[in-house]
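Read top to bottom, the protein sequences are chains A and D.
Numbering of the first sequence is given in numbering that gives the first Met the number 0, commencing with residue 0 and proceeding in unit increments.
Numbering of the second sequence is given in numbering that gives the first Met the number 0, commencing with residue 0 and proceeding in unit increments.
The beta carbon of each residue, even a glycine, is placed where N, CA and C say it ideally should be.
Note that the structure is a prediction, hence the values are computed from the model and not measured.
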Amino acid sequence: MPYPEMMVKAMRDDVTRLGAKELRSVEQVDAELANPAGTQLIFINSVCGCAAGAARPALAMALSHSVVPDQVLTVFAGQDLDATARVRSYVSEYQPSSPSAILLRDGEVVHFVHRHMIEGQSPEAIAAGLVAAFDRHCSPTMAA
Amino acid sequence: MTMSEGMVLHPERHALHGITVIIDTPGSVTYIGRFDVEDKRGVHLINVAIHDAESDGPAEDFIAQSRRFGVRVTQKHLVVPHVDIKTILRLGAA
Numbered sequence: 000m001p002y003p004e005m006m007v008k009a010m011r012d013d014v015t016r017l018g019a020k021e022l023r024s025v026e027q028v029d030a031e032l033a034n035p036a037g038t039q040l041i042f043i044n045s046v047c048g049c050a051a052g053a054a055r056p057a058l059a060m061a062l063s064h065s066v067v068p069d070q071v072l073t074v075f076a077g078q079d080l081d082a083t084a085r086v087r088s089y090v091s092e093y094q095p096s097s098p099s100a101i102l103l104r105d106g107e108v109v110h111f112v113h114r115h116m117i118e119g120q121s122p123e124a125i126a127a128g129l130v131a132a133f134d135r136h137c138s139p140t141m142a143a
Numbered sequence: 000m001t002m003s004e005g006m007v008l009h010p011e012r013h014a015l016h017g018i019t020v021i022i023d024t025p026g027s028v029t030y031i032g033r034f035d036v037e038d039k040r041g042v043h044l045i046n047v048a049i050h051d052a053e054s055d056g057p058a059e060d061f062i063a064q065s066r067r068f069g070v071r072v073t074q075k076h077l078v079v080p081h082v083d084i085k086t087i088l089r090l091g092a093a
């Protein structure tokens, strides 16, 4: 059951103020993922303080890197249920995980940060993993 | 810091609370799930995947698949008795 919106607003804002486009409906998800081009990072937000409390600052750190995905998207697991399920339908080979971060290139998963890779890690360590993935998959030479 | 951070919001809980772990047993069964609490009944896991090497193949493959593709949850809550716990390792550990 979703938490009251007032409880999660700050958690949404943590991500959207980084420039991430929040997807709250199936239609919004399809509009971004049905015909993908370039690199897209999908951050699956979560209320869980154990993991998401580190993942959001990590995302902020990673997105300050010089190489970033073309587009950053977010859905909120446990809150926007249909939108989250729709995102997961695009990466159905992977088990549901929140928080998590999925890096796509032309619609294909090239890097998946599961919750178990976030738990107990510092924001700096999580960010370092994301930055390495950005450098590997999102650099201009990759798109050429 | 303005972010709604909180590395651990449950400081009174076990150090592994909220961490996805691999529990190896003396037998052929391996569990992967999120450590919740430990009490006299054993370790409580939530969102658990269960593997039996006798019927499902090598546990190493199960662990590798779980690391790469995530935990395929088949049981919401499970208590693993202490007597059935050989080792507890973090799934996210290298």
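### Task
Would you mind telling me which residues of chain A sit closer than 8 Å to residue 73 of chain D, beta carbon to beta carbon, in chain order?
Within 8 Å Cβ-Cβ: nothing; residue 73 of chain D doesn't reach chain A, min ~11 Å.
### Message
What does the Cβ neighbour count give for residue 130 of chain A, buried or exposed, with the cut at 16 atoms within 10 Å?
### Response
Here residue 130 of chain A is buried, its C-beta having at least 16 other C-beta atoms within 10 Å.
#### Entry: First through last residue of the alpha helix (DSSP H) which encompasses residue 65 of chain D
Start and end: 58-68.
#### Entry: Neighbouring residues, chain A, relative to residue 62 of chain D (Cβ below 9 Å)
Within chain A, no residue comes near residue 62 of chain D; the closest Cβ sits about 11 Å away, beyond 9 Å.
### Query
Nearest CA to the CA of residue 71 of chain A: which residue from A/0, A/137, A/4 and A/122?
Comparing Cα positions, the closest option is A/137.
### Message
Does residue 52 of chain A come out as helix, strand or coil in the three-state DSSP assignment?
### Response
In this structure, DSSP gives residue 52 of chain A a helical state, which the three-state scheme calls helix.
### Query
Candidates A/55, A/107, A/95 and A/44: which alpha carbon is nearest residue 36 of chain A's?
The candidate whose alpha carbon is nearest that of residue 36 of chain A is A/107.
### Task
Find the residues of chain A that neighbour residue 69 of chain D, judging by a C-beta separation of less than 9 Å, and give them in chain order.
Chain order gives the chain A residues near residue 69 of chain D as 93, 94, 95, 96, 99, 111, 113, 114 and 115, where near means a beta carbon separation below 9 Å.
### Task
Check each residue of the region 33-57 of chain D: if its Cβ is closer than 8 Å to any Cβ of chain A, include it; give the result in chain order.
Those residues of the region 33-57 of chain D placed with their C-beta closer than 8 Å to a C-beta in chain A do not exist.
### Message
My parser needs the alpha helix (DSSP H) runs of 4 or more residues fully inside the region 15-91 of chain D; what are they?
### Response
Counting only runs of 4 or more, we get 52-55 and 58-68.
### Query
Hey, is residue 126 of chain A's beta-carbon within less than 9 Å of any beta-carbon in chain D?
Taking Cβ atoms only, chain D never reaches closer than 9 Å to residue 126 of chain A, which makes this a no.
### Query
In chain order, what residues of the same chain lie with their CB nearer than 7 Å to the CB of residue 13 of chain A, ignoring the 5 residues before and after it?
The residues are 55.
### Query
At least one CB of chain D closer than 9 Å to the CB of residue 50 of chain A: is that the case?
Yes, residue 50 of chain A lies at the interface with chain D (some Cβ there is under 9 Å from its Cβ).
### Task
Assign residue 109 of chain A to one of three DSSP states: helix, strand, or coil.
Residue state, collapsed to three classes: strand.
### Nearest-angstrom Cα separation, counted from residue 43 of chain A out to residue 1 of chain A
Each residue's Cα considered, the two are about 15 Å apart.
### Message
Between the alpha carbons of residue 151 of chain A and residue 40 of chain D, how many angstroms are there, rounded?
### Response
Not covered by the structure: residue 151 of chain A. The range shown for chain A is 0 to 143.
### Task
Could you tell me whether the Cβ atoms of residue 60 of chain D and residue 22 of chain D are closer together than 9 Å?
The criterion of a C-beta distance shorter than 9 Å is not satisfied by residue 60 of chain D and residue 22 of chain D.
### Message
Going residue by residue through the region 54-132 of chain A, where are the continuous alpha helix (DSSP H) segments of at least 4 residues, counting only ones entirely within it?
### Response
Here the runs fully enclosed are 80-89 and 114-117.
### Classification of residue 80 of chain A by the beta-carbon crowding that lies within 10 angstroms, buried from 16 upward
It is exposed - the Cβ of residue 80 of chain A has fewer than 16 other Cβ atoms within 10 Å.
### Message
When you compare the CB positions of residue 104 of chain A and residue 39 of chain A, do they come within less than 9 Å of one another, or not?
### Response
A contact, by the Cβ cut-off of 9 Å.
### Message
Per DSSP, what are the beta-bridge partners of residue 40 of chain A in this structure?
### Response
Note: residue 40 of chain A sits in a beta bridge opposite A/71 and A/102.
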